[in-house]
Each structure stands twice: as C-alpha cells, then as structure tokens.
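Data first, discussion second: the structure below is written as structure tokens.
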C-alpha cells in the first residue's frame, strides 16, 4: 500500500494492491503446497495438479492485473509487473504457508543453517 500512495507508477494504485494482495493471500499457500506435493509425491496426474496450481497464480498475477487496468484505463507495464508479482506470489505463499510465529520461523531457519554446516 505504501508504494501505491507514494510512488507515481501508472499501474500501481490502491485498488490493484488490495485485489492482488487479497488473492495472493488466499491462493498462494495452496499453489505452493500443491506444486511441492506434486513434485515430491508424484500422485496420479501430478502434471495436471501443477497446472491447476499455476492457474490461480496466473489469474492473480496477470489476468486480474489486465482486467483491472483495462477497466480503469491505466497505462500497463504488464511484463515488468508479471516478473515481480510472480516471484512475490510464490515468496508470499511460502511465508504464509508456515504454521508458527515469525520468531519460530527465524529460529527454524537458523536451526537448519546450523545443521547444514
């Protein structure tokens, strides 16, 4: 939200920030889990499960972006937005998937780093 009100970027406003942020919060953890389990466990029709997990990512990252800015009439920086937003979608999915506090998350990462040495 800070960037939407502070920077003068034509395609970054409060509306798209709320829409894309909300959809990311709802869909990204499921997408990450589905892709991870499909690759790790190889269930029946696992490639189809990966495609099914990428569809909400594409909807959130690109299709909603295009629909919103087409309706509002803003100039779009579609490719630039896609690259940044897709990375953020999966990063947020990983972070929101974690079941615990921020303190526990940092402690777990430190523990894993110590184990790897």
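Numbering (this note's numbering), first residue to last: 15 to 131. Just so it is clear, CB atoms sit at the ideal spot from N, CA and C, and this is done for glycine as well. Quick caveat, the model's predicted, so the values are computed rather than measured.
Residue range of the unbroken alpha helix (DSSP H) whose run includes residue i
i: residue 34; result: 28–55
i: residue 122; result: 116–130
i: residue 95; result: 92–111
i: residue 17; result: 16–20
Residue closest to residue i, alpha-carbon to alpha-carbon, out of the options
i: residue 49; options: 21, 120, 92 and 111; result: 111
i: residue 95; options: 109, 77 and 130; result: 77
i: residue 23; options: 68, 79 and 88; result: 88
i: residue 113; options: 129, 47 and 68; result: 47
i: residue 70; options: 93, 131, 92 and 34; result: 34
Expected contact under 8 Å - CB spacing of residue i and residue j to nearest Å
i: residue 72; j: residue 83; result: Contact doesn't hold; Cβ gap of about 16 Å is too wide.
i: residue 107; j: residue 43; result: 5 Å
*Touching by the beta-carbon criterion (3+ pairs, under 8 Å), the stretch 34–44 and the stretch 98–106*: The stretch 34–44 vs the stretch 98–106: in contact.
*Could you tell me whether the stretch 24–31 touches the stretch 45–64, where touching means 3 or more Cβ pairs closer than 8 Å?*
Because the criterion of three Cβ pairs below 8 Å is not met, the stretch 24–31 and the stretch 45–64 do not touch.
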